[in-house]
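Quick notes on the structure that follows.
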DNA sequence: CCTGTTACGATGCGATCGTATTGCAAAACA
DNA sequence: TGTTTTGCAATACGATCGCATCGTAACAGG
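Chains as they are written, first to last, in this note's numbering: chain A, 302 to 510; chain B, 302 to 510.
As structure tokens, this is what we get:
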């Protein structure tokens, strides 16, 4: 996002990514505490301890800031998933569906922000596209994990992997798991359900594959 | 909510409930189209074709109006459920969990508004209490329906009803069904899932009880 | 040192917000 | 026919909003 003709000149060197991240994190705090309604450039600036001018400099408009907060949230979740790369498919599957269950205050904040964006996505097409892409990615990854897990167990039984055509059974399983995880997450978030119970329900569901 | 010493004097007779409902319906339209962020007294007044003064007269403050829209939404859903009073438990159960799946534009509007309130409930304790009470009611009703359905089938097999102690199995089934319905509803709402597929998944889930 | 570019704080503007206030028309009662 | 009470439209007000603009400090290259 530099000027079109960047040739190495950059006075006043600062870490742009660091600055942007500080502001996005403050944005998340504001959303978690006051909802998306409570987001104003002044509030975010105060929470981050910076001036409004800085936010304008790095994000331009409020809409761009809010959207950047959404993409950062998605990428942060994806980063957490990649750290499980060397686990068994079944463990990774359980991580995908139960990672969002809020267990501590940090988790509560993340999932509060996520739900705020979900609601916003109903009326905001840019946010909707970001979340739709993330959901499609999660769905496809779940399908892969379900098939990998099934193949693992088929190998134990001496059979080869199934056909590679699209797998409606696995797709439906994935959708069911993810939808169930979303619903349980909400109930934990509003205090209607204990985190442990939600996780154990998801474990049971994954175990029945 | 009349003056404390009402003795039948009431000039300028109007139907208060009708007036309130017109305003609440306009509020729902605004929420469905622009989200809760887009709610302002002026917008709602314009959508309802009335003056701001009337909204102030009937609801006082914006916060009270938004909360009234929430309780009206809950009661409207409850009214829809009571119309199924003379159906079999299993049919009623399917209605409870699949009624919120949006099938037409009216359904989409209702569930958009509902999701907006869900997100708001994270930071608004009054809304949270209304939704929590509704959720608890739905959960208890589902438990009743699941047990009634089970007893029906036990009667066919010649056995009596089970014990009346709290039923952890039925409770967990109810929670799982409702959470799954919430997650599927969201996916249909944002266009990631066809309504028919969501309903058929819920039918399969209810059928496996 | 000089010049150019970047980073960003400070400030101002017009729009919009929720709400308090005011005033008046219509209807019930005296 | 007043009088009173209600229903509501109109408007005024102060706060807050997003954003544009301006000024300047910091630094790189010449």
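Backbone N, C-alpha and C fix where the C-beta goes; we use that ideal spot for every residue, glycine too.
*Do you know offhand how far residue 389 of chain B's Cα is from residue 450 of chain A's?*
By 1-based counting over the second chain, the position of residue 389 of chain B is 88. By 1-based counting over the first chain, the position of residue 450 of chain A is 149. Note on geometry: alpha-carbon atoms of residue 389 of chain B and residue 450 of chain A lie some 40 Å from one another.
*asked:* Closer than 8 Å is the cut-off here; do at least three beta carbon pairs connect the stretch 320–335 of chain A with the stretch 352–368 of chain A?
replied: yes
*Any chain B beta carbon closer than 8 Å to residue 399 of chain A*: Against the first chain, residue 399 of chain A aligns to sequence position 98. Residue 399 of chain A does not count as touching chain B.
*Look at the alpha carbon of residue 373 of chain A and the alpha carbon of residue 328 of chain A, and state the distance between them as a whole number of angstroms.*
Translated into positions along the first chain, residue 373 of chain A becomes position 72. Translated into positions along the first chain, residue 328 of chain A becomes position 27. Spanning the two alpha carbons is a distance of roughly 11 Å.
*Comparing the C-beta of residue 508 of chain A with each C-beta of chain B, is any distance below 8 Å?*
Locating residue 508 of chain A in the first chain gives position 207, where the first residue counts as 1. So no, residue 508 of chain A is outside the interface.
_Please identify, using Cβ separations under 8 Å, the residues of the stretch 406–426 of chain A that lie next to chain B, in order along the chain._
413, 416, 417, 419, 420, 421, 422, 423, 424 and 425
*Kindly indicate the opening and closing residues of the alpha helix (DSSP H) around residue 480 of chain A.*
The sequence position of residue 480 of chain A within the first chain is 179, counting from 1. It spans 469–490 - the alpha helix (DSSP H) in which residue 480 of chain A sits, taken as one unbroken run.
_Local conformation of residue 390 of chain A per DSSP, three classes_ = Taking the first chain and counting its residues from 1, the one referred to as residue 390 of chain A is at position 89. Helix, per DSSP.
*CB contact below 8 Å: residue 453 of chain A versus chain B*: The count along the first chain starts at 1 and reaches residue 453 of chain A at position 152. No, its Cβ sits nowhere closer than 8 Å to a Cβ of chain B.
*Less than 7 Å between the CB of residue 470 of chain B and some heavy atom of the ligand FAD, yes or no?*
The ligand content of the structure shown is nil, which means the ligand FAD is not present either.
*With a cut-off of 8 Å, does the C-beta of residue 395 of chain B fall near any C-beta of chain A?*
As a working mapping, residue 395 of chain B is identified with position 94 in the second chain. Output row for residue 395 of chain B: interface = no.
*Taking one C-beta from the stretch 472–486 of chain A and one from the stretch 484–491 of chain B each time, how about it: are there three or more such pairs within less than 8 Å?*
yes
*Report the residues of the stretch 483–497 of chain B with a CB closer than 9 Å to any CB of chain A, ordered along the chain.*
483, 484, 485, 486, 487, 488, 490, 491, 492, 493 and 494
*Are the C-beta atoms of residue 502 of chain B and some chain A residue less than 8 Å apart?*
By one-based count along the second chain, residue 502 of chain B stands at place 201. With 8 Å as the cut-off, residue 502 of chain B counts as an interface residue toward chain A.
*Straight-line CA distance for residue 413 of chain A to residue 337 of chain A?*
One-based indexing of the first chain puts residue 413 of chain A at position 112. One-based indexing of the first chain puts residue 337 of chain A at position 36. Cα-Cα distance, rounded: 10 Å.
*Under 7 Å from the C-beta of residue 338 of chain B: neighbouring residues of chain A*: What you label residue 338 of chain B is simply residue 37 of the second chain in a count that begins at 1. Going along chain A in sequence order, the residues near residue 338 of chain B (Cβ under 7 Å) are 337 and 338.
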